[in-house]
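K.L.:
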């Protein structure tokens with residue numbers, strides 16, 4: 094796993110206009126929403142992960158959508174600037190990726 | 155044709171030991187006397203005459219695991235579970251049989267909104283109280299502080315949704331007490347995560363906290379995603395109906411006062 098600073102998700106959200114990122118949930122995981130927050134189980138090692146409200150929102154929308162689309166969604170939902178939303182989800186997506194809860198597919202614009 | 159000079163017992167000539175645990179009827183086909191005698195003793199409280207028990211064959215000649223069958227290896231013993239029955243291999247003593255039965259029950263109960271939990275079940279005023287936690291949490295202590303005859307198990311509780319409510323069933327699975335168990339069921343009044351403390355108090359848990367508390371205490375042996383989804387759904391159904399608390403207790407029977415409150 095690359096260091097967080099080199100995460101493609103962070104680069105995209107920090108304004109690398111040469112890349113576009115799409116996020117998907119790890120299909121091997123079982124999960125359940127409890128009071129608006131996600132509880133996720135990794136069946137292979139029985140590890141349990143709990144997400145906070147913002148990470149849960151990212152998780153819910155991690156169905157192949159672009160990171161930019163999710164940033165816009167969070168910006169609207171929490172009434173924060175797009176820049177602030179980008180910064181927040183950059184960190185969260187990187188953390189989710191490192192725990193292998195989500196995958197980010199990148200597309201390099203030609 | 156050469157005659158065999160020793161008697162051969164075919165599987166179909168072996169009368170099964172019919173038992174029912176958590177309303178799951180099982181037909182145990184045990185041919186070895188060394189296993190049958192302790193099994194009769196261990197499960198006599200759970201004996202039930204039923205021709206339709208889920209067949210469980212012990213130590214028969216091993217066959218290859220088929221597609222779609224669940225298998226689990228426990229030390230030298232093995233469980234193979236198919237849709238028509240289960241096979242236990244390498245069972246040398248009653249403890250191995252007991253362990254494989256627990257694993258089997260977790261799989262059979264799951265689609266029926268049931269599961270096994272590391273917990274003691276105590277009945278009070280016709281309702282079941284589940285005290286759960288990992289090893290050393292105090293399950294046996296709670297059981298030892300409870301009146302004789304009120305403990306359904308001191309180790310492994312069986313919870314199941316049936317007849318419109320969550321019920322706790324007695325099990326033959328015991329820890330320190332090694333009792334035969336009580337084959338009865340009672341509606342569940344509450345779930346209590348045990349925490350030894352210097353005072354007695356019950357702290358209400360949110361749904362997320364309750365789920366987080368229960369998950370590590372559920373007996374679960376499959377790595378299948380769908381099974382985990384079913385488990386999550388079952389546990390959510392339980393905690394949405396039954397209050398869950400963290401019970402701080404001093405290893406003293408006084409803890410019942412905070413439960414009654």
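Residue numbers (the working numbering), protein chains in the order written: chain A, 94 to 203; chain B, 155 to 415. All C-beta atoms, glycine included, are put in the ideal place defined by N, C-alpha and C. Quick caveat, the model's predicted, so the values are computed rather than measured.
1. In its own chain, which residues sit with a C-beta less than 6 Å from the C-beta of residue 409 of chain B, not counting the 5 before and 5 after it?
2. Going by DSSP in three states, residue 168 of chain B sits in which element: helix, strand or coil?
3. Sorted by chain position, which residues of the same chain lie with C-beta nearer than 7 Å to residue 157 of chain B's C-beta, five sequence neighbours on each side aside?
4. Measure how close the beta-carbons of residue 270 of chain B and residue 312 of chain B come, nearest whole angstrom, since I'm counting them as under 8 Å.
5. Contact criterion: CB-CB distance below 7 Å. Does residue 132 of chain A meet it with respect to chain B?
6. Quick check: residue 401 of chain B and residue 346 of chain B, are their CB atoms within less than 7 Å of each other?
7. Is it true that the CB of residue 171 of chain B sits closer than 7 Å to the CB of residue 182 of chain B?
8. Apply the 10 Å Cβ neighbour rule to residue 163 of chain B and answer buried if 16 or more other Cβ atoms are within range, or exposed otherwise.
9. Check whether the Cβ of residue 123 of chain A lies closer than 7 Å to any Cβ atom in chain B.
10. Ordered along the chain, which non-local residues of its own chain (more than five positions away) have a Cβ less than 6 Å from that of residue 336 of chain B?
11. DSSP has residue 283 of chain B in a bridge; who is on the other side?
12. Cα-Cα, which of B:225, B:396 and B:240 is closest to residue 341 of chain B?
13. Determine the extent of the beta strand (DSSP E) in which residue 179 of chain B is found, giving its start and end residues.
14. Just reading off the beta strand (DSSP E) that residue 198 of chain A is part of, what are its end residues?
15. Just list the residues that DSSP pairs residue 261 of chain B with in beta bridges.
16. Taking residue 128 of chain A as the query, report the chain B residues whose CB atoms sit under 9 Å from its CB, ordered along the chain.
17. In three-state DSSP terms, what is residue 157 of chain A?
18. Cα separation between residue 385 of chain B and residue 264 of chain B?
19. Hey, out of B:361, B:274 and B:225, whose CA is closest to residue 128 of chain A's CA?
20. Is DSSP giving residue 307 of chain B helix, strand or coil here?
21. Does DSSP classify residue 312 of chain B as helix, strand or coil?
22. Does the Cβ of residue 183 of chain A have 16 or more other Cβ atoms within 10 Å, making it buried, or fewer, making it exposed?
23. Interface residues of chain B around residue 141 of chain A at Cβ under 8 Å?
P.N.:
Put simply:
1. 354 and 403
2. coil
3. Unreliable placement is indicated for residue 157 of chain B, whose pLDDT of 41 sits below 50; no coordinate value is reported for it.
4. 6 Å
5. At a cut-off of 7 Å, the C-beta of residue 132 of chain A has a neighbouring C-beta in chain B.
6. yes
7. yes
8. With a pLDDT of only 46 at residue 163 of chain B, under the threshold of 50, the placement of this residue in the model should not be trusted, and no figure is reported.
9. Taking Cβ atoms only, chain B reaches closer than 7 Å to residue 123 of chain A, which makes this a yes.
10. Excluding its 5 nearest sequence neighbours in each direction, residue 336 of chain B has C-beta neighbours in its own chain below 6 Å: 306 and 324, listed in chain order.
11. B:276 and B:344
12. B:396
13. 178 to 183
14. 195 to 201
15. Its beta-bridge partners do not exist; DSSP assigns none.
16. 360, 361 and 362
17. Reduced to three states, the DSSP call for residue 157 of chain A is strand.
18. Distance from the CA of residue 385 of chain B to the CA of residue 264 of chain B, rounded to the nearest whole angstrom, comes to 7 Å.
19. B:361
20. strand
21. strand
22. Burial check for residue 183 of chain A: the Cβ neighbour count within 10 Å reaches 16 or more, so the residue is buried.
23. 366, 369 and 370
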